[in-house]
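Colleague: Chains as they are written, first to last, in this note's numbering: chain A, 183 to 268; chain B, 15 to 257.
I'd like to ask some things about the structure below.
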Amino acid sequence: MSDLNREIKQMIIDSLDLEDIELEDIEDDAPLFVDGLGLDSIDALEIGLALQKQYGIKLKADSEETRQYFASVNALAKLVESHRTK
Amino acid sequence: MVSLNLETWSALAPGLDTKASWQAWFDSSSDDGPAETSPALKQIPALLRRRFTTLGKYAAASTLNVLAENQSMPGIFASRHGDTGLTLSLLEEIARDQPISPTGFSLAVHNAVAGIISIARKDKSPITAISAMNGLLLQTLFEAAAQLERHERVFCVVYDIPLPALYQPYELSVPFPLALAFVVSRSDDAKANLTLQPTTQACSELSTYQEIFQFIKVLMDEKGSLMMNVNQANWHLAVDARQ
């Protein structure tokens, strides 16, 4: 698990009150929503807010690009990395 | 006169989850609840459970106590203040010019607790969320009587938590988290009969919360009555257990 992936998982756990879930329970490549972790649309908004607070990333709520970034922890890590190199 | 049949009830507060513990509390006439603990709610999946604040946990736990797993019926959710602490925390974020939590925002509406409970129970029956300035219990019973015109049985849950310290100088609230759930029906075989009658008899003014505590006391005794007042009208509520 890369440091960034670890950081993003911790951000997800903290911002969504996933008290019963450990870092190791979240797979890098598994879907975050519906299947996999089983998060819902309110969680998506909450992650969007956490990305804004923690990394200064602002996303459009309904764009196809945003949908892709929210697919997995790996996809979110790519988003954060690309934002850092800008 | 309004007549209701009471099938079952459950009252919950921190450390007060049995008849014996409630009886001991009434006997000590203490204003303090025991140490702050919230119901574990293990019956509800963790992903849904995390959406409940203390208020919702008490409402959900008392509701689950009076309903069987697959029992489906309309619900009346009555809370004077709802999740005022949550609303205040959102207002404080706005005052600090910070973005507010979408989850917090969605849970701060008055029917949020009812919504999560209905999702957890997979019950698509109608839900009513009420908040009354005074006479919360009376308004709940009136609403239940009205709904029994259409439905065989309905459940009610009356629930509140203490107001945040900031608001306490201005308004009364419960001394500790409190939820009272009960099922009323048209059935004459029910455990007890509740009768509400308007009266011109003088009535000492009880606060909304004293009324709820007195009602719990009368339910425990399975017999007795209390006087309640709403909008300058006095009502006499009698509870009579069937043999």
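Glycine is no exception: its CB is placed at the ideal position from the N, C-alpha and C atoms.
Quick check: B:A82 and B:P53, are their CB atoms within less than 9 angstroms of each other?
Modeller: no
Colleague: Could you work out which residues of chain B lie near A:G220, taking near to mean beta carbons separated by less than 7 angstroms?
Modeller: L61
Colleague: For B:P212, would you say it is in contact with chain A, using Cβ-to-Cβ distances shorter than 9 angstroms as the test?
Modeller: no
Colleague: So, under 8 angstroms CB-CB, B:D137 and B:S86 are touching, yes? Tell me the CB distance rounded to an integer number of Å.
Modeller: 5 angstroms
Colleague: Residues of chain A with CB under 7 angstroms from B:T154, in chain order?
Modeller: In chain order: nothing, as chain A lies at least about 29 angstroms away.
Colleague: To which residues of the same chain is B:I131 closer than 6 angstroms at the C-beta, ignoring the five residues directly before and after it?
Modeller: Setting aside the 5 residues that flank it on each side, B:I131 is surrounded in the same chain by A74 and T77, each with a C-beta closer than 6 angstroms to its C-beta; the list follows chain order.
Colleague: Below 8 angstroms, can you find three or more Cβ-Cβ pairs linking the stretch 137-156 of chain B to the stretch 223-237 of chain B?
Modeller: yes
Colleague: Relative to the C-alpha of B:T222, which candidate in B:N245, B:G238 and B:P59 has its C-alpha closest?
Modeller: B:N245
Colleague: Of all Cβ atoms in chain A, is any one closer than 9 angstroms to the Cβ of B:P113?
Modeller: yes
Colleague: Please report the distance separating the alpha-carbon of B:S35 from that of B:L26.
Modeller: In a straight line, the C-alpha of B:S35 is about 10 angstroms away from that of B:L26.
Colleague: Just mark B:M15 as buried or exposed, buried being the case when its beta carbon has 16 or more other beta carbons within 10 Å.
Modeller: exposed
Colleague: Considering just the uninterrupted stretch of the beta strand (DSSP E) at B:V197, what are its terminal residues?
Modeller: First-last of the beta strand (DSSP E) with B:V197: L192 to S199.
Colleague: If you draw a straight line from the C-alpha of B:K56 to the C-alpha of A:L200, how long is it?
Modeller: Take the alpha-carbon of B:K56 and the one of A:L200: they are about 15 angstroms apart.
Colleague: Of the residues B:T117, B:L100, B:L251 and B:M234, which one's Cα is nearest the Cα of B:W39?
Modeller: B:M234
Colleague: On the premise that B:P88 lies in contact with B:P140, defined as a C-beta separation below 8 angstroms, what is that separation, rounded to the nearest angstrom?
Modeller: About 5 angstroms separates the two Cβ atoms, so the contact holds.
Colleague: Just to confirm my understanding: we take B:A255, look at its own chain, exclude 5 residues before and 5 after, and list those with CB closer than 7 angstroms. What are they?
Modeller: K205, A206, E236 and K237
Colleague: Can you list the residues of chain B that A:I239 reaches, using a CB-CB cut of under 9 angstroms?
Modeller: Neighbours of A:I239 on chain B: none; closest Cβ ~13 angstroms, over 9 angstroms.
Colleague: From this set, B:R63, B:L18, B:G70 and B:S17, which residue's C-alpha is nearest B:L194's C-alpha?
Modeller: Checked all of B:R63, B:L18, B:G70 and B:S17; the closest Cα to B:L194 is B:G70.
Colleague: Count the CB pairs spanning the stretch 56-65 of chain B and the stretch 192-211 of chain A that are closer than 8 angstroms, and state whether there are at least three.
Modeller: yes
Colleague: For chain B, check one thing: does any of its Cβ atoms lie closer than 9 angstroms to the Cβ of A:D202?
Modeller: yes
Colleague: Going by CA-CA distance only, name the one from A:N187, A:T267 and A:D222 that's closest to A:D211.
Modeller: It is A:N187 whose Cα lies nearest to the Cα of A:D211.
Colleague: Since B:F119 and B:L104 are thought to touch, with beta carbons under 8 angstroms apart, how far apart are those beta carbons, to the nearest angstrom?
Modeller: 6 angstroms
Colleague: How many angstroms separate the CA atom of B:L192 from the CA atom of B:Y72?
Modeller: The alpha-carbon separation between B:L192 and B:Y72 amounts to approximately 7 angstroms.
Colleague: Taking the alpha carbon of B:T213 as the point to measure from, which residue in B:L18, B:S239 and B:E21 has its own alpha carbon closest?
Modeller: B:S239
Colleague: If you draw a straight line from the C-alpha of B:E185 to the C-alpha of B:D174, how long is it?
Modeller: Between the alpha carbons of B:E185 and B:D174 lies a distance of about 13 angstroms.
Colleague: Report the rounded CA-to-CA distance for B:A160 versus B:T68, giving the unit in angstroms.
Modeller: Pairing B:A160 with B:T68, the inter-Cα distance amounts to about 30 angstroms.
Colleague: Mind checking whether B:L210 and B:H165 have CB atoms under 9 angstroms apart?
Modeller: no
Colleague: For B:V168 versus B:S93, is the C-beta distance shorter than 9 angstroms?
Modeller: no
Colleague: At a Cβ threshold of 9 angstroms, is B:R64 touching chain A?
Modeller: yes
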